[in-house]
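Q: Residue numbers (full-length UniProt numbering): 1 to 131. Glycine is no exception: its CB is placed at the ideal position from the N, C-alpha and C atoms. In this text the structure is predicted, and so the values were computed from the model without any measurement.
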Amino acid sequence: MTEHRTIADFMVTDVLTVPPGMEILHAVRLLLDRKLSGAPVVEEADELVGMLTKKDCFKAALNAAYYKEWSGTVDQYMTRAPETLDAGLDIVSAAERFLATPYRRFPVVEDGRLVGLLSRSDLLRAFVQLS
């Protein structure tokens, strides 16, 4: 039964995204204010171009510590070409991907466009609901 349910049924669709040209300090403040560990980086039409994580933001913070000012944009610090999951992927296959990688969440795409995020918690909740 669970192998036929897709991650589209369990992913979060109301996702904070940031554009690649946003000032990095603004992006860091958004992540901190919303208590997020990262955000997808999208261009127009929701085209996913990267992920900005707190780890990426530490690079900018260290630069700010060394040079006494925050500088740069999201695209200078983001992780490019992040691994993604397809919205039609079944939840068992998604669980296998989580086990095979260190990631806590994946961007979910459909036809190359960001449609949501799936976290370990979202997926575990799905298995519990379906049991």
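Could you give the C-beta distance for residue 17 and residue 40, rounded to a whole number, given that I count them as a contact under 8 Å?
A: Their Cβ separation, rounded to whole angstroms, is 5 Å, which keeps residue 17 and residue 40 in contact under 8 Å.
Q: By a C-beta neighbour count over all protein chains shown, 10 Å radius and 16 as the cutoff for buried, is residue 102 buried or exposed?
A: The residue in question, residue 102, is exposed, as its Cβ has fewer than 16 Cβ neighbours within 10 Å.
Q: For residue 44, tell me which candidate among 121, 76 and 113 has the shortest Cα-Cα distance.
A: Residue 44 has its Cα closest to that of 113, out of 121, 76 and 113.
Q: Can you check whether the CB of residue 90 is closer than 9 Å to the CB of residue 108?
A: Cβ atoms of residue 108 and residue 90: not closer than 9 Å.
Q: With DSSP as the reference, please indicate the residues paired to residue 38 in a beta bridge.
A: Beta-bridge pairing links residue 38 to 53.
Q: Per DSSP, what kind of secondary structure is residue 119 in: helix, strand or coil?
A: Residue 119 falls in the strand class under three-state DSSP.
Q: Hey, how far is the Cα of residue 116 from the Cα of residue 11?
A: So the alpha carbons of these two residues sit roughly 6 Å apart.
Q: Please list, in chain order, all residues of the same chain as residue 22 whose beta carbon is under 8 Å from its beta carbon, the five residues on each side excluded.
A: For residue 22, where only same-chain residues beyond five positions count, the Cβ hits under 8 Å are 73 and 74.
Q: In terms of residue numbering, what span does the alpha helix (DSSP H) encompassing residue 74 cover?
A: Taken as a continuous stretch (DSSP letters only), the alpha helix (DSSP H) holding residue 74 covers 74-77.
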